[in-house]
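Q: Structure incoming, see below.
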Amino acid sequence: MARTVRSALRAPLRRRALLLSTAGALGAVAATAGCSRVASGDTLDRLRSQGTVRLGIAGEVPYGYVDEQGEFTGEAPELAKIVFRRLGIADVQPVATDFASLIPGLNSQQFDVVSAGMYITKERCAQVVFSDPEYQMLDAFVVRKGNPRRLRSYEDVVRAGARFATGTGYAQIGYAVAAGYPEKDIVILQDQVAGLNAVESGRVDVFAGTALTAREVVRKSSRAEATEAFAAVVDGEKRVDAGGFAFRPTDSALRDAFNTELRKMRKSGELFRVMKRFGFTRDEMTTLTAEELCR
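When the letters of the sequence shown are read in order and numbered with numbering that gives the first Met the number 0, they come out as residues 0 to 294.
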């Protein structure tokens, strides 16, 4: 019998220790290689020569994770497999880490690209260069069945004095703070599975994440549900976020080559066909650019 969605979601976490040991080994190799690995020649040529590109993932369904068969997948890794193959790089190798460690890991050479559907924000744009986004996304809450506290926005959470949780490094931390929720009172959890467990057990009233993450994690739950998707409001403006691939600032040429292939996929409809497999809808496709989102 197939395992439940919750079991499938936990599979990435069980596999993470093995992948993290791989990440440690790769980090050690990068350290011994010294500065010669940082900016010696064209990165795309180097990756083609070695035949492998390392992808930083964070174990979040459906963006980038390891499934219950031990295979790494998700919308971003599957796109990466296609794009890098077309760029002449046959092998893509996952390196798992916590979400908050993705950008530090990228910039310290632990992997070559962040492949985790990362939101493109002005703060992150100061640290990395992004591809154009492959999707856009609203937020949603995981709440107890029936949504007894009627939580449909960050402002509702503040007014209700609800116990609020979200994930490590999630953009939803800033959105709750912008609505007036005290940052010191936010419960930071490892991932959406921990968030679902916390809501079901009554430890928190609400867990915030992307709309797709919320609706996927509650799919088999009898005690929790996802709210309708909504746009966070920051400084009086509604936010619609979009996620893309992150590259080191020195690798803008690699990013540009990646963008060229991504745009071809968008134009042909192939991009949506890949994304649809992971629960994305046409409304969650986007024509936004990284340049627009970084402003």
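Ideal Cβ positions, reconstructed from N, Cα and C, are used throughout, including at glycine.
Here the structure is a predicted model, which means the values were calculated and not measured.
If you scan the segment 60-142 from start to end, which runs of the beta strand (DSSP E) of 3 or more residues do you find wholly inside it?
A: Correct list: 90-95, 112-118 and 134-136.
Q: What does the alpha-carbon distance come out to for the pair T226 and L105?
A: About 34 Å.
Q: Give the C-beta separation of Y118 and G242 to the nearest angstrom, bearing in mind that I take them to be a contact with Cβ-Cβ under 8 Å.
A: The Cβ separation is near 5 Å, so the contact holds.
Q: Can you give me the C-alpha to C-alpha distance between A197 and L188, rounded to a whole angstrom?
A: Each residue's Cα considered, the two are about 9 Å apart.
Q: In its own chain, which residues sit with a C-beta less than 8 Å from the C-beta of R294, not counting the 5 before and 5 after it?
A: K121.
Q: Excluding the 5 residues flanking Q171 on each side, which residues of the same chain have their C-beta closer than 7 Å to its C-beta?
A: Closer than 7 Å at the Cβ level, and outside the excluded window around Q171, lie D138, T165, A207 and G208.
Q: Decide if the segment 92-108 is in contact with the segment 155-164; the criterion is three or more beta carbon pairs, one per stretch, under 8 Å apart.
A: Output reads no: the segment 155-164 does not touch the segment 92-108.
Q: Taking only the alpha-carbon atoms, compute the straight-line gap between R53 and F246 and give it to the nearest angstrom.
A: Cα-Cα distance, rounded: 11 Å.
Q: Give the range of the alpha helix (DSSP H) segment to which D155 is assigned.
A: Element bounds for D155: Y153 to A159.
Q: For K237, name the three-state secondary structure that DSSP assigns.
A: Note: K237 maps to strand in three-state DSSP.
Q: Assuming V217 is part of the beta strand (DSSP E), what are its boundary residues?
A: Premise fails: V217 is in no beta strand (DSSP E) and is neither H nor E.
Q: Please tell me whether A210 has its Cβ less than 9 Å away from any Cβ of chain C.
A: Checking the listed chains, one finds no chain C in this structure; it contains a single protein chain.
Q: Would you mind stating whether L195 and V141 have Cβ atoms separated by less than 9 Å?
A: Cβ distance < 9 Å, so L195 and V141 count as in contact.
Q: Indicate whether K80 and V91 have their beta-carbon atoms separated by less than 9 Å.
A: Cβ atoms of K80 and V91: closer than 9 Å.
Q: Drop a sphere of 10 angstroms on the beta-carbon of Q126, count the other beta-carbons inside from all chains shown, and report buried for 16 or more, exposed for fewer.
A: Looking at its Cβ environment, which holds fewer than 16 other Cβ atoms inside 10 Å, Q126 is exposed.
Q: From G299 to Y180, what does the alpha carbon distance come to, in whole angstroms?
A: Nothing in the structure corresponds to residue 299, since the chain is present only between 0 and 294.
Q: Is there at least one non-hydrogen atom of the ligand PLP closer than 8 Å to the beta-carbon of F277?
A: By its list of ligands, the structure shown contains no ligand whatsoever, and the ligand PLP lies outside what it can speak to.
Q: Just tell me which of Q49, E269 and Q191 has its CA closest to the CA of E77.
A: When each option's Cα is compared against that of E77, the closest is E269.
Q: Could you please give the first and the last residue of the uninterrupted beta strand (DSSP E) stretch that includes E224?
A: That run of the beta strand (DSSP E) goes A223 to A225.
Q: Just to confirm before moving on: does the CB-CB distance between Y134 and M264 stay below 9 Å?
A: Taking 9 Å as the Cβ cut-off, Y134 and M264 do not qualify as a contacting pair.
Q: DSSP three-state call for R53: helix, strand or coil?
A: In this structure, R53 counts as strand in the three-state DSSP scheme.
Q: Which value, in whole angstroms, describes the spacing of the CA atoms of V233 and V176?
A: Distance between the alpha carbons of V233 and V176 is about 9 Å.
Q: Which residues share a DSSP beta bridge with V176?
A: Its beta-bridge partners do not exist; DSSP assigns none.
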